[in-house]
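First residue of the sequence shown: 12, per my numbering; consecutive thereafter.
Yeah, the Cβ is synthetic: ideal placement off N, Cα and C, and Gly gets one too.
Because the structure is a prediction, the values reported are computed rather than measured.
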Amino acid sequence: MKIFLDSANLPSIKKYNDMGLVDGITTNPTLLSKEKEDPADLMREIVRIVRGPVSLEVVGTKTEEMVEEAHRLMKYGQNVVVKIPMISDGLRAIRQLTLDGIPTNVTLIFSTNQAILAAKAGASYVSPFIGRLDDTGQDGMSLIREVVQIFRNYDFSTEVLVASIRHPLHVIEAGKIGAEVVTLPPEILAKMIMHPLTDKGLTAFLDDWEKLKKEKPNVRI
Ligand code: E4P
């Protein structure tokens with residue numbers, strides 16, 4: 012299972028990248044708008060720091076605009092993946108970009124049919140947004156289950172990138188289904204690292220070590 016960080020926050024990206032936990036990054040205009048840096052500078056820096064694929068999103072909605080923006084975004088680095096919205100013009104752009112050898116991540120996928128069509132157009136990744144579906148009372152994880160099964164049935168090379176993840180259980184479920192990638196906000200990754208029993212256990216180990224040092228001052232590890 013690959014773990015991408017769903018963030019444009021440089022300190023978070025550096026922190027988790029240094030732990031070896033970041034296989035790639037996904038960004039979007041909302042995430043960029045939350046940071047103080049100029050978006051172009053920020054995207055360039057993220058692409059430089061992270062070795063894996065970095066999804067950068069177009070903001071045009073016409074095929075020609077998306078293709079032109081995609082070629083511009085590719086100049087940030089060889090690991091750029093261009094994020095294209097799941098609309099008709101987007102599908103045409105994916106087709107063109109695939110012919111141009113540019114990898115794409117199709118965003119805002121909310122149905123199995125959309126995922127199939129994005130894959131058929133040549134997408135490298137499809138991003139079903141499961142948390143936003145859960146928010147409407149639909150089961151986001153069922154979408155992942157169906158898409159993964161269909162892609163497997165027909166040997167599609169498109170990877171399923173589980174997006175809009177809201178909690179650590181989403182990660183476990185996505186892994187059990189066999190989705191190739193999960194993209195996580197930094198807060199979810201932090202929750203996955205922590206366990207109260209780990210902290211409690213460590214405190215007890217260190218307390219016992221201190222007691223031992225009092226009894227035998229020369230003790231060393
Ligand atoms: C994925 O690429 C998107 O950036 C992201 O997962 C959206 O998540 P949200 O629903 O929490 O905004």
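Return the residue from the list the options that minimises the CA-CA distance to residue i.
| i | options | result |
| --- | --- | --- |
| residue 192 | 155, 113 and 106 | 155 |
| residue 93 | 99, 118, 175 and 75 | 118 |
| residue 74 | 63, 95 and 224 | 95 |
| residue 9 | 163, 68 and 97 | What the structure shows of the chain is the stretch from 12 to 232, and residue 9 is not part of that stretch, so it cannot be assessed. |
| residue 124 | 158, 136, 107 and 116 | 158 |
| residue 33 | 43, 42 and 21 | 21 |
| residue 138 | 81, 217, 225 and 120 | 120 |
| residue 15 | 174, 52, 148 and 115 | 174 |
| residue 133 | 52, 87 and 108 | 108 |
| residue 12 | 130, 150 and 184 | 184 |
Quick check on the DSSP output: the beta strand (DSSP E) that includes residue i runs from which residue to which?
| i | result |
| --- | --- |
| residue 194 | 192 to 195 |
| residue 120 | 115 to 120 |
| residue 37 | 35 to 37 |
| residue 167 | Segment: none, residue 167 is in no beta strand (DSSP E) and carries neither H nor E. |
Rounded to the nearest angstrom, what separates residue i and residue j at their Cα positions?
| i | j | result |
| --- | --- | --- |
| residue 79 | residue 31 | 33 angstroms |
| residue 45 | residue 19 | 8 angstroms |
| residue 113 | residue 230 | 60 angstroms |
| residue 199 | residue 176 | 8 angstroms |
| residue 127 | residue 162 | 8 angstroms |
| residue 89 | residue 36 | 14 angstroms |
| residue 98 | residue 195 | 24 angstroms |
| residue 197 | residue 40 | 17 angstroms |
| residue 17 | residue 38 | 6 angstroms |
| residue 104 | residue 140 | 21 angstroms |
| residue 227 | residue 62 | 48 angstroms |
| residue 106 | residue 166 | 19 angstroms |
| residue 7 | residue 64 | Shown here, the chain extends from 12 to 232; a query on residue 7 therefore has no answer. |
Between which two residues does the alpha helix (DSSP H) harbouring residue i extend?
| i | result |
| --- | --- |
| residue 46 | Neither: residue 46 is in no alpha helix (DSSP H) and is coded neither H nor E. |
| residue 227 | Neither: residue 227 is in no alpha helix (DSSP H) and is coded neither H nor E. |
| residue 73 | That residue, residue 73, is in no alpha helix (DSSP H); it is neither H nor E in DSSP. |
| residue 32 | First-last for residue 32: undefined, no H or E at that position. |
Take every Cβ of the region 203 to 213, pair it with every Cβ of the region 49 to 67, and state whether three or more of those distances are shorter than 8 angstroms. no
The region 160 to 171 / the region 181 to 199 touching (three or more Cβ pairs under 8 angstroms): yes
Just jot down, in chain order, the residues whose CB lies closer than 6 angstroms to any heavy atom of the ligand E4P. 17, 37, 39, 118, 138, 140, 142, 143, 174, 175 and 194
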